[in-house]
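Chemist:
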Amino acid sequence: TTLPDAEDFLRAQTPSYEGAQAVLRHLGQRRAPTVDEEKLFIKWTGDWHFTTDAILHCCEALTASGNPNFKYLDAVLAERHKEGRHTVHELKSATLQDTAKQVLAALGGGGLTKPRMEAVKAMLDMGFDAETLTYIAGLC
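For any residue, its number in my numbering is found by taking its place in the sequence shown, counting from 1, and adding 417.
(1) Pick from R502, D470, W465: whose alpha carbon is nearest that of G436?
(2) Confirm, please, whether the CB-CB distance from P421 to Q438 is below 7 Å.
(3) Assign R447 to one of three DSSP states: helix, strand, or coil.
(4) Identify the continuous alpha helix (DSSP H) that holds Q519 and give its terminal residues.
(5) Can you tell me where the alpha helix (DSSP H) with T549 in it begins and where it stops?
(6) Look at the Cβ atom of H503, then the Cβ atom of F545, and state whether they are nearer than 7 Å.
(7) According to the Cβ coordinates, are I472 and W461 closer than 7 Å?
(8) Would the segment 520 to 528 count as touching the segment 536 to 556 if we require 3 or more Cβ pairs under 8 Å?
(9) Please return the same chain residues whose Cβ sits closer than 7 Å to the Cβ of D491, not counting the five positions on each side in sequence.
(10) Report all residues from its chain with a CB closer than 8 Å to the CB of L494; omit the five preceding and five following residues, and keep chain order.
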């Protein structure tokens, strides 16, 4: 065993390595993370305070990409960080106004009025999430 082999072994035992590897697996890639990918994971969890589950949740946004990667995920997480959403719960909980705007857009537009906001709030209170409401509105 050489010194570089020992360093690689020790690096593979760190939480940041394991987290970056979990992201790679979630993206369907079966390889070891690069040092740069591990640094991004450290930024997301250390500097931006995302949970690992939240990072994996944000991988869903990459499904439209033919080549999901850490750079694209970094851009998605940067946007969520600006919004102040760092946990799965925060990511799933769109604000009422945002949800109402999305639903109205899916219905073909219309102004954001108090009765429309109340209707969306009532559906959210019934247990529907923002994504489901927007999907159903798009079917109408």
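Beta carbons are placed, not taken as given, at the ideal position from N, Cα and C, and that holds for glycine.
Modeler: The structure says:
(1) To locate residue 436, count along the sequence shown from 1; it is residue 19. It is D470 whose Cα lies nearest to the Cα of G436.
(2) Here residue 438 refers to the residue found at position 21 of the sequence shown. Here residue 421 refers to the residue found at position 4 of the sequence shown. No, the pair does not count as a contact, with Cβ atoms beyond the cut-off.
(3) Numbered from its first residue, the sequence shown carries residue 447 at position 30. R447: coil per DSSP, three-state reduction.
(4) What you label residue 519 is simply residue 102 of the sequence shown in a count that begins at 1. Looking at the DSSP string, the run of the alpha helix (DSSP H) that includes Q519 is 513 to 524.
(5) Translated into positions along the sequence shown, residue 549 becomes position 132. Run containing T549: 547 to 556, per the alpha helix (DSSP H) assignment.
(6) Translated into the one-based positions of the sequence shown, residue 503 becomes position 86. Translated into the one-based positions of the sequence shown, residue 545 becomes position 128. In this structure, F545 does not lie closer than 7 Å to H503 by Cβ.
(7) For the purposes of this step, residue 472 is taken as the residue at position 55 of the sequence shown. For the purposes of this step, residue 461 is taken as the residue at position 44 of the sequence shown. It is a contact, given that the beta carbons lie within the stated cut-off.
(8) yes
(9) On the sequence shown, residue 491 is found 74 positions in, with the first residue counted as 1. Cβ within range, chain order: L457.
(10) For this step, residue 494 is matched to residue 77 along the sequence shown. Correct list, in chain order: W461, W465, F467, I472, C475.
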